[in-house]
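The structure appears right after this line, and notes come after that.
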Amino acid sequence: MPVTVHIVNAFPDAPGGGNPAGVVLDADALTPAQKLSIARQVGLSETAFVSASQKATLRLEFFTPARQIAHCGHATIATFSLLRQQGVLGDGRFTKETVDGNRDILLDGDVAFMEQTAPTYTRIDPASDLGARIASSLGLLPGLEAGGVGPHVVSTGNAFLLVALPDASALADLRPRQDPVQAISDELDLIGVYAFTTETQRPGRHASARMFAPRFGIPEESGTGMAAGPLACLLHDVLGVQDRELLIEQGWLMQPPSPSLIRVVLQREDGRITRLMAGGTGRISRSMVLEA
Numbered sequence: 000m001p002v003t004v005h006i007v008n009a010f011p012d013a014p015g016g017g018n019p020a021g022v023v024l025d026a027d028a029l030t031p032a033q034k035l036s037i038a039r040q041v042g043l044s045e046t047a048f049v050s051a052s053q054k055a056t057l058r059l060e061f062f063t064p065a066r067q068i069a070h071c072g073h074a075t076i077a078t079f080s081l082l083r084q085q086g087v088l089g090d091g092r093f094t095k096e097t098v099d100g101n102r103d104i105l106l107d108g109d110v111a112f113m114e115q116t117a118p119t120y121t122r123i124d125p126a127s128d129l130g131a132r133i134a135s136s137l138g139l140l141p142g143l144e145a146g147g148v149g150p151h152v153v154s155t156g157n158a159f160l161l162v163a164l165p166d167a168s169a170l171a172d173l174r175p176r177q178d179p180v181q182a183i184s185d186e187l188d189l190i191g192v193y194a195f196t197t198e199t200q201r202p203g204r205h206a207s208a209r210m211f212a213p214r215f216g217i218p219e220e221s222g223t224g225m226a227a228g229p230l231a232c233l234l235h236d237v238l239g240v241q242d243r244e245l246l247i248e249q250g251w252l253m254q255p256p257s258p259s260l261i262r263v264v265l266q267r268e269d270g271r272i273t274r275l276m277a278g279g280t281g282r283i284s285r286s287m288v289l290e291a
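Here the sequence shown stands for residues 0 to 291, numbered as in numbering that gives the first Met the number 0.
Dropping the structure here:
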């Protein structure tokens, strides 16, 4: 059965930048095995499959070349950007059904935002055995951290290990060892490791980041909306950034570069983050027809 797959770059911050995702708009007749086969043929970090929903605007399922996953930020942005550009959806609020519940989506002009939940934090002592293993997995000297900020596991629906670095040079020089990163990700039940610095490539932005997720077959990813949300929360709650909207760069320092920009809008009550919306633009790259 022939299946059309659209390739959409989510969060592009420069021509040719962003994080590409596959999008299949009519997936009702596909089995899980067929979806996995298509994701393997596409060969990108994630492919999104759209089908009808009785609970939301649409149902979204996400497959890496290795397995199905619960959520994917950039593939969500890619999907809703594609539907917006094709005229299927207009501006406004929508919902996506996923394997673990519904999430709100906002379309505002050429920007798509996805809902994330209030953050939870677990700080890891850099001097602990786990702290030392984290440093070693990233090729860092123990104690190399920015402003005394130790590693934190932060979740806004999916957990990431956030590691602060002192400057862009330290971030660019990271040479993660994938097997130890995967072992730590398995141990802490993480999507991946999100290393960051507040030194950015362009002025007016809040952080620059790199993301490593070998647990899901992703050595490095160029734009990760589900990780930018936790980072924005950490910047607000731990580092004292009071802006309501934060801009996170990613992909600038990977090789080859694929610059991405993720916008995160925090919703606060009495100074506490109650939920957030993370998003960006999407650019259609090409389409292909594959056999399911």
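Every residue gets a Cβ at the ideal spot worked out from N, C-alpha and C, and that includes glycine. Small disclaimer: the values here were computed from a predicted structure and weren't measured.
When the beta-carbon positions are compared, Gly250 and Gly16 come within less than 8 Å of each other.
Counted as a single uninterrupted DSSP element, the stretch harbouring Ala131 is not any beta strand (DSSP E) but the alpha helix (DSSP H) occupying residues Asp128 to Ser136.
Burial check for Leu140: the Cβ neighbour count within 10 Å stays below 16, so the residue is exposed.
Setting aside the 5 residues that flank it on each side, Leu35 is surrounded in the same chain by Phe62, each with a C-beta closer than 6 Å to its C-beta; the list follows chain order. For the set His5, Ala169, Arg92 and Val148, the Cα lying nearest the Cα of Leu230 is the one of Val148. Shortest Cα-Cα distance from Pro125 to any of Asp172, Val162, Val237 and His205 involves Val162. Boundaries of the alpha helix (DSSP H) around Ala77: Gly72 to Gln84.
Exclusion of the five residues before and after Leu187 leaves Val152, Ala158 and Leu160 as the residues of its chain whose Cβ lies within less than 8 Å of its Cβ.
Taking C-alpha positions only, Ala171 is separated from Ala20 by approximately 24 Å.
For the pair Gly72 and Asp185, the Cα-to-Cα distance works out to about 20 Å. For the 8 Å CB-CB criterion, Ser221 and Ile6 do not form a contact. Counting along the chain, Asp178 sits inside the alpha helix (DSSP H) bounded by residues Gln177 to Leu187. Bridge partners of Val49 according to DSSP: Leu59. With respect to His205, Ile261 sits apart: the two C-beta atoms are not nearer than 8 Å.
Under DSSP, Gln200 forms no beta bridge with any residue. If you look at Gly91, you'll find it in the beta strand (DSSP E) that goes Gly91 to Thr97. The three-state reading of DSSP puts Ser207 in strand, counting E and B together.
One alpha carbon belongs to His70, the other to Thr46, and they sit about 11 Å apart.
In this structure, DSSP gives Val110 an extended state, which the three-state scheme calls strand.
Secondary structure of Val148 (DSSP, three-state): coil. Residues His5, Val7, Val22, Leu24, Gly281 and Ile283 of the same chain have their beta carbon placed closer than 8 Å to that of Leu81, with the five preceding and five following residues left out of the count.
Counted as a single uninterrupted DSSP element, the stretch harbouring Met0 is not any alpha helix (DSSP H), since DSSP gives it neither H nor E.
For the pair Asp27 and Ser50, the CB atoms are nearer than the 8 Å cut-off. Around the C-beta of Gly224, 16 or more other C-beta atoms lie within 10 Å, and the residue is accordingly described as buried.
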